[in-house]
Amino acid sequence: MGFHNTEEAIFTQPLDVSTYNTSLKTETSTTITKPSNVTSTKCSTSSKKNFTNGLTNNHILRHSFRTPDAIKTPSNTPPTFFKNNNSVKVECQVRARIPTSTGEFFLHLYRNNRDNKEHLAVVYGDNIRSNSLDASRPEENEMDRIIRGAYKGRLKPGQIKSDISDGDDPNISSIQLPPPLVRIHSECFTGETVHSARCDCGEQLDEAMRLIQLEGHGVVIYLRQEGRGIGLADKLRAYNLQDLGYDTVTANLFLKHPPDLRNYDVATKILDDLNLSTIRLLTNNPDKIEQIEEAGIKVIERVPMIPITWQNNLDSNRIGKEVDQYLKVKVERMGHLLSIPETLLHIDNI
Ligand SMILES: Nc1nc2c(ncn2[C@@H]2O[C@H](COP(=O)(O)OP(=O)(O)OP(=O)(O)O)[C@@H](O)[C@H]2O)c(=O)[nH]1
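Heads up, the sequence shown stops at 390 in the numbering used here, and the numbers go up one at a time, no gaps.
Next up, the structure:
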């Protein structure tokens, strides 16, 4: 039966990474003050080597994963517009204040010329502003500006001017703050809305907002790249394959997708629009760092996102062994920069 042939083909296909071993860039390191309340790792910039965990980083996977011929299709080739982000343009359409349990954020909704998705920036701190939002638009009046969120400070009932602040320091942008914490987060309906225990996505989003609020400024860029870019329908198909025993990487391959189909061009353009050229990135994903840096953003520090149940090698309060297996596969097959707790080293990768 075709199913078993494909399974066999996937599992017997060796991952050849040897040719990529010598192309690692020379490391350059920058040290900045460790922020309070945030557990950070070493600071570095432009270093594949530094962000790489052995030979299995996600970049290598993206470029060298040998999909068996039996399941190779044109969908494995990234569209040409993914190769160059110069043509990507973003504009903040509207912004609004969102009080949350972790503080008051401003949600920025972006449109772009690449897709019809509503990518978002969840901004904390009055010093971070969107150029495209603040720019004046033809024939708009003050009320138009207020309604689309291009105002300073906080709105009050009856306010008719967009540039009147309610006592906030108008010079706040000149105050010296460390480079902001940034989380570039991909949509996960199952993890964030249904609180699925198959992944740690919901926890990562909550933790990122908490850390950013503690720091005083920062951004979560929320990209509509569900299922590492394959969409919700195929992610659910992948879950069914995972229930049959395939891991998260192999399930993607089975569905004729690369392990990770994501692209961060829109994210880097949003960072540009928010005047954030030097950032501290909350991630364990070396491929994400590499793509952001290739686009000209300086990642001065990687701040790890350690799953709560993996902190201090905790053995209790696990939300389930499925998330442990999922995370372990991300470390072992996608090169994520996390230490697997000793207690999990023996478990099977499903
Ligand atoms: N295809 C697929 N996508 C998944 C699966 N589980 C979660 N996702 C998606 O993976 C994305 C999150 O990717 P992660 O690898 O957890 O995180 P990351 O953003 O790459 O890396 P970090 O920055 O370290 O968190 C979201 O779009 C989820 O919908 C899965 O089993 N299969």
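Just so it is clear, CB atoms sit at the ideal spot from N, CA and C, and this is done for glycine as well.
The alpha-carbon separation between E362 and I270 amounts to approximately 21 Å. If you look at N152, you'll find it in the beta strand (DSSP E) that goes G143 to N152.
Taking 8 Å as the cut-off, the Cβ atoms of A161 and D174 do not count as close.
L321: member of the beta strand (DSSP E) spanning T318 to L322, first to last residue. Inter-residue distance for A307 and E243 is about 21 Å (C-alpha atoms, whole angstroms).
In the structure shown, C239 adopts coil according to DSSP, grouped into three states.
Shown here, V371 sits in a helix according to DSSP, grouped into three states. Cβ contact annotation for E334 (same chain, cutoff 8 Å, sequence separation greater than five): none. DSSP, reduced to helix, strand and coil, places E179 outside both helices and strands of the structure shown, so it counts as coil. If you look at G231, you'll find it isn't in any beta strand (DSSP E); it sits in the alpha helix (DSSP H) that goes F229 to E232. A Cβ-Cβ separation of about 27 Å leaves H225 out of contact with I187 under the 8 Å criterion. Of the residues assessed, P381 falls on the buried side of the cut-off, its CB having 16 or more other CB atoms within 10 angstroms. Pairing S170 with L314 gives a Cβ-Cβ distance under 8 Å. Just so you know, the alpha carbons of R238 and S127 end up roughly 36 Å apart.
Of the other Cβ atoms in all chains shown, fewer than 16 fall within 10 Å of the Cβ of T383; this residue is therefore exposed. DSSP places L160 in the strand class (E or B) of the three-state scheme. Of the candidates S317, T230 and R223, the residue whose Cα lies closest to the Cα of P344 is R223. Within the model, the alpha-carbon separation for T142 versus F294 is close to 40 Å. Taking non-hydrogen atoms of ligand 1 into account, the C-beta of I270 is found less than 7 Å away from one of them. Residue nearest to H297 within the set R277, L311 and I310 is R277 (criterion: CA-CA distance). Counting C-beta atoms within 10 angstroms of its own C-beta, V234 has fewer than 16 neighbours from the protein chains shown and is therefore classed as exposed.
Pairwise C-beta distances place the segment 276-290 out of contact with the segment 243-259, as fewer than three of them are shorter than 8 Å.
In the three-state reduction of the DSSP assignment, L385 falls in the coil class. Look at L263 here: in three-state DSSP terms it is strand. Of the heavy atoms belonging to ligand 1, none sits nearer than 7 Å to the Cβ of C132.
Taking the Cα of E180 as reference, the smallest distance to any Cα among S202, K338, G165 and V369 is reached at S202. Taken through DSSP and simplified to helix, strand or coil, A278 comes out as helix.
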